[in-house]
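Peer 1: Protein sequences, first through last, are from chains V and G.
Sequential numbering of the first sequence, starting at 1, is according to my numbering.
Sequential numbering of the second sequence, starting at 505, is according to my numbering.
Ideal Cβ positions, reconstructed from N, Cα and C, are used throughout, including at glycine.
Here the structure is a predicted model, which is why all the values come from computation and not from measurement.
Number of protein chains: 2
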Amino acid sequence: MSAAEKTVPTKAKKVSEIQQWDIETDVAIVGFGGAGSSAAIEAADAGVTVHIFEASSAAGGSTALSGGEVYLGGNGGTAMQRQFGFDDQSADMEKYLLMQHGPQSDEAKVAAYVDGGVAHFDWLVDKNIPFKQSFLDERVVEPMTDDCLIYSGNEKTWPEIEHCKPAPRAHVVQMAGMGAGKVLMQHLQKAVEDRGVNIHYDARALCLIIDEADSIVGIVVRIDGKELNVKAQGGVILCAGGFVMNEEMVKQYAPKLTRCNIPTGNPGDTGSGIQMGMSVGAAAINMHEGFASIPFYPPSTLTFGMIVTDKGQRFINEDAYHGRVGTALLEQNSERIYFIVDVDAYGDYEKLNFMNADVVATGDSIEELEQELKLPKSCLTHTMKLYNEFAEQGEDPMFHKQPAWLRPLEAPFVALDITPGRGAIFPYFTLGGLDTKIAGEVLKVDGTVIDGLYAAGRTSCGIPRRGSGYNSGISIGDATFFGRQAGIAAAARAKESQVSDTAA
Amino acid sequence: MSAAEKTVPTKAKKVSEIQQWDIETDVAIVGFGGAGSSAAIEAADAGVTVHIFEASSAAGGSTALSGGEVYLGGNGGTAMQRQFGFDDQSADMEKYLLMQHGPQSDEAKVAAYVDGGVAHFDWLVDKNIPFKQSFLDERVVEPMTDDCLIYSGNEKTWPEIEHCKPAPRAHVVQMAGMGAGKVLMQHLQKAVEDRGVNIHYDARALCLIIDEADSIVGIVVRIDGKELNVKAQGGVILCAGGFVMNEEMVKQYAPKLTRCNIPTGNPGDTGSGIQMGMSVGAAAINMHEGFASIPFYPPSTLTFGMIVTDKGQRFINEDAYHGRVGTALLEQNSERIYFIVDVDAYGDYEKLNFMNADVVATGDSIEELEQELKLPKSCLTHTMKLYNEFAEQGEDPMFHKQPAWLRPLEAPFVALDITPGRGAIFPYFTLGGLDTKIAGEVLKVDGTVIDGLYAAGRTSCGIPRRGSGYNSGISIGDATFFGRQAGIAAAARAKESQVSDTAA
């Protein structure tokens, strides 16, 4: 059975099938997460009526479950970056993002995102979202503290370091501990409520409504067991998340992610928004890609260690971002992957680790470790010898780990098993979605716009397009930035139609 | 700009826009290659009228440009396999194909394909397609001779060899030299012509025609500069090839293939069939995958050599199928990939090679070769030492190259540069397409069938789903086998509608 056969029908209704309109609005938004709330704020600020339909009983979406990091920079730096002396030029950030996402980058979107980054940070601050005036110069997935500015990607690792001046770009919302996304969402939710937006919880969007000219004119939602027809003069904005929670869709579209084990998102990430778009001929793109991580720091000391296959071969600079390392793990032709560390690198692993990898061998010499791991004779021994010889000189000619994380490893050694599927934590989520223009207009495969339909957040395909190039904060940055653009565009379309109605 | 913005509009027309029907048929087929001809033969044999619309001025499609290999087996073996003593059990072939294509396999399709393989071979023979009674037990991409049966995948390589009893399954159409696909197509074309099928050359399909109930009722074609409306009672079968010739679509949907350099297919492989399907809400799946090869044999002696990265590391068993090796090359974190051989393995390379890789270094010792290649000190030397130690015992504990291809390599050495983008030939084509059921019915993303629409060949997503699991002959096997199913299904639907017309 093909995956599609198991998913929920989302076939669009024709306007001729609609007996009555139960709700009329200028803009209808599906999903009350980071993208939906940003769209609602902008549309309301443009002076049009807005209804949000959220399938769950509370606002938040996956944004509320996130670390509350927003990846922004460019134009000489955000207010926060400048305060700590980072002169973040747009050319560096743009080149960096294009390197990250490779041939499938949307260059126009990247340019718009970089150009608008400074203003977007100010917009978030204006919504009373708290950012502490601080820069935390540590290797962390998220701060454990309430600090703000961090390096959250591959800015300081090879090969990016050789091409783009690094700057810390993740702006973390202020909250002690991890998971500041909920603070971010509290403030976005309040901004939405303050603007008198009509919010419907436990309201499931079922399908789009399409007119004779193939324009989207509304949406059918189910509230309290009743199907309601919503007319949306300006358009419908799909901000319903990605599809990481739809096991069949992941298997069909992003099979490499099936080896990960912690789907990262909210239960509503079932791909329903993407499916609604596809049901009216929208192009879903980049569907095979996803974020896949092995969150091996803290403790950051593990970065001094060495990651090897069951051939005893290294394959990546261990100082790369955890998402790049996780993505590379999935690509290895190897039945096991090990993290090899010495006692100093092991450090506080037992206390701090959250990747949950087991110690599977220890050795008073590398030969002993090699034997205990049942690796082919001398393969790991040689790798270690070579690594140490170069590390002694602060060099890693093979994988270009930077000098800050290079030193010879010394016996005794410890091996952690980080093979996908063997207990360690591999969070993942999807990076494919509806093809959209900068303002969120959804595109058909032939490049024409579906009139009246917008998408943002992980329902669309945005800035992040490869697991190997992901940076913490780029999803929330993308969702809120392009959510705003969609809100502005749909509001403008509503106003145009009001003018033409008046004229007629 | 998103890729979609550059493609040709394929938006479906509504039946209400159609002024008159210029052609009326039971079954309309787009594309006269392997899939289209097989569909036409079956539909004609079922006694319905058939029109084929071929965009170019001759039959053939990519099938005619292929090696004329058809990958078939199971049920104890085809007539050809049995003749040479191969008892090819369905369980082995099925397991093998599922290993090849991994989590994205369509299990139902694989089962149907294996189950119908013996009969499909007989069907081809019945169409007078010549197969010589011969088995060529050599490592070849295609026979240079007119021989028939060959091993054309990873049947005898690790890990498949440990799980599925190997059998040669590529049945190569008889013709001296490479490119027997044209002989295959000549006979299929003749079978189509013999059945009185209406064939239109230089006839470009522009868009589907859809009725009020969202059924496909026909297609618009352009012939002699005129747009003609074709009514198809039984349905439209899209056999218009894949999208390898559409650079923007490849970049958007299958970015990893952009590093290859020889798009393999016919100029009509622009994705137009896939786009027509998507325009009416069809799900396109597996769009990121493709065949990517480095055709490094002949001479097969190169298989004795060693493939290494710019870290001097091996990464694959060199006796794997050229498509698996090519796919693995694209996944390496390495700026260069080298084939390291000794004089014996180099053998007739200069005479026989068609991969076109340059000799970039030679060395009287491995240390000298390592230096000449500017590799980090001792990395290649160690790899060679270890390889030779194990090869001496007929073992390859790291990558499991089989004993037949293992022997120590001896100085002097030669290095060929097989880095993608550095001159060597990397053929590629796409493996994504419309999601279909076994009988070719095209599916929407919600799993419902698009009434009246069928697809086969590379317009659909068939048996082959991963470059790493491709076998020569699986595309032609898939296209002809599932083309037939689509022809049978559309003919049956035409007959049903005739019955209901009569009843009414």
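1) Since I237 of chain V sits in a beta bridge, which residues does DSSP pair it with?
2) Pick out whichever of V:A40, V:G242, V:S105, V:L65 has its Cα sitting closest to the Cα of P759 of chain G.
3) Is it buried or exposed, D823 of chain G, if we count other Cβ atoms within 10 angstroms and call 16 or more buried?
4) Is R586 of chain G buried or exposed, if buried means 16 or more other CB atoms sit within 10 Å of its CB?
5) What are the residues in the stretch 251-278 of chain V lying within 7 angstroms of chain G by C-beta distance?
6) Under 7 angstroms between beta-carbons, which chain G residues line up against F315 of chain V? List them in chain order, please.
7) Please list the partners that S378 of chain V has in chain G, where partner means a Cβ-to-Cβ separation under 7 angstroms.
8) So with Cβ pairs under 7 angstroms, would you call K182 of chain V a contact of chain G?
9) From the DSSP output, read off the bridge partner residues of R82 of chain V.
10) Would you say the beta carbon of D596 of chain G is closer than 6 angstroms to some non-hydrogen atom of the ligand SAH?
11) Could you check the C-alpha separation between A4 of chain V and V250 of chain V for me, to the nearest Å?
12) Can you tell me which of the three DSSP states V183 of chain V falls into?
13) Comparing the C-beta of H904 of chain G with each C-beta of chain V, is any distance below 7 angstroms?
14) Would F890 of chain G pass as a contact of D900 of chain G if the rule is Cβ separation under 7 angstroms?
15) Within 10 Å of its beta-carbon, does A908 of chain G have 16 or more other beta-carbons around it, so buried, or fewer, so exposed?
16) Are the stretch 612-629 of chain G and the stretch 569-582 of chain G touching, with three or more C-beta to C-beta distances below 8 angstroms?
17) To the nearest angstrom, report how far apart E751 of chain G and D451 of chain V are at their CA atoms.
18) Work out the CA separation of P159 of chain V and V220 of chain V for me, nearest whole Å.
19) Counting only the same chain and skipping the five closest in sequence on each side, list residues whose C-beta sits under 7 angstroms from that of K515 of chain G.
20) Provide the residue(s) that pair with C711 of chain G in DSSP beta bridges, ordered along the chain.
21) Which residue wins for smallest C-alpha separation from W525 of chain G, given the options G:G606, G:M603, G:L732, G:A787?
22) Hey, is A492 of chain V's beta-carbon within less than 7 angstroms of any beta-carbon in chain G?
23) Shorter than 7 angstroms from the beta carbon of P901 of chain G to some beta carbon of chain V?
24) Residues in its own chain within less than 8 angstroms of A203 of chain V by CB, not counting five upstream and five downstream?
25) Please confirm if P607 of chain G has its CB atom under 7 angstroms from at least one CB of chain V.
26) Go to A415 of chain V, then tell me how far its beta strand (DSSP E) extends in each direction, as first and last residue.
27) If we ignore side chains and look at the alpha-carbon of each, how far apart do T984 of chain G and G966 of chain G end up?
28) Within 7 angstroms (strictly less), CB to CB, does K311 of chain V reach chain G?
29) Along chain V, which residues have their Cβ under 7 angstroms away from the Cβ of H447 of chain G?
30) What distance in whole Å lies between the Cβ atoms of A695 of chain G and I545 of chain G, which are believed to be in contact at a cut-off of 8 angstroms?
31) Could you work out which residue in G:E854, G:V918, G:G936, G:N860 is closest to L1026 of chain G when comparing CA atoms only?
32) Among V:S16, V:A391, V:I29, V:K14, which one has its Cα closest to the Cα of A489 of chain V?
33) For a test of the three-state rule: what should DSSP assign to E318 of chain V, helix, strand or coil?
34) Which word fits N128 of chain V, buried or exposed, when buried means at least 16 other C-beta atoms lie within 10 angstroms of its C-beta?
35) Just verifying my parser: in three-state terms, what is the DSSP assignment at Y71 of chain V?
36) Decide if N353 of chain V is buried, meaning its Cβ has at least 16 other Cβ atoms within 10 Å, or exposed.
Peer 2: Let me spell this out:
1) V:I29, V:Y454
2) Selected option, being the one with the closest Cα: V:S105.
3) buried
4) exposed
5) K251, Q252, Y253, P255, T258, Q275, M278
6) N837
7) L890, listed in chain order.
8) no
9) Looking at the DSSP assignment, R82 of chain V forms no beta bridge with any residue, so it has no partner.
10) Among the components modelled here there is no ligand, and therefore nothing to report on the ligand SAH.
11) Confidence is the limiting factor: at A4 of chain V the pLDDT is only 40, short of 50, which leaves the residue's position unreliable, though a coordinate-based value still follows. Cα to Cα, the separation comes out at about 11 angstroms.
12) V183 of chain V falls in the helix class under three-state DSSP.
13) no
14) Here the sequence assigns Leu to residue 890 of chain G, which means Phe is not the residue at that position. No, these two residues do not count as a Cβ contact at 7 angstroms.
15) exposed
16) Judged by Cβ distances under 8 angstroms, the stretch 612-629 of chain G makes contact with the stretch 569-582 of chain G, as three or more pairs qualify.
17) 27 angstroms
18) 48 angstroms
19) C711, S783
20) DSSP lists G:V724 as partners of C711 of chain G.
21) Measuring from the Cα of W525 of chain G, the nearest candidate turns out to be G:L732.
22) no
23) yes
24) F53, E54, A55, V221, R222, I223
25) yes
26) 413-417
27) Going from the Cα of T984 of chain G to the Cα of G966 of chain G covers about 11 angstroms.
28) yes
29) This structure leaves residue 447 of chain G out entirely; chain G is present only between 505 and 1008.
30) 5 angstroms
31) Chain G is shown from 505 up to 1008; residue 1026 of chain G falls before or after that span and cannot be answered.
32) V:I29
33) Note: E318 of chain V maps to coil in three-state DSSP.
34) exposed
35) Strand at Y71 of chain V.
36) buried
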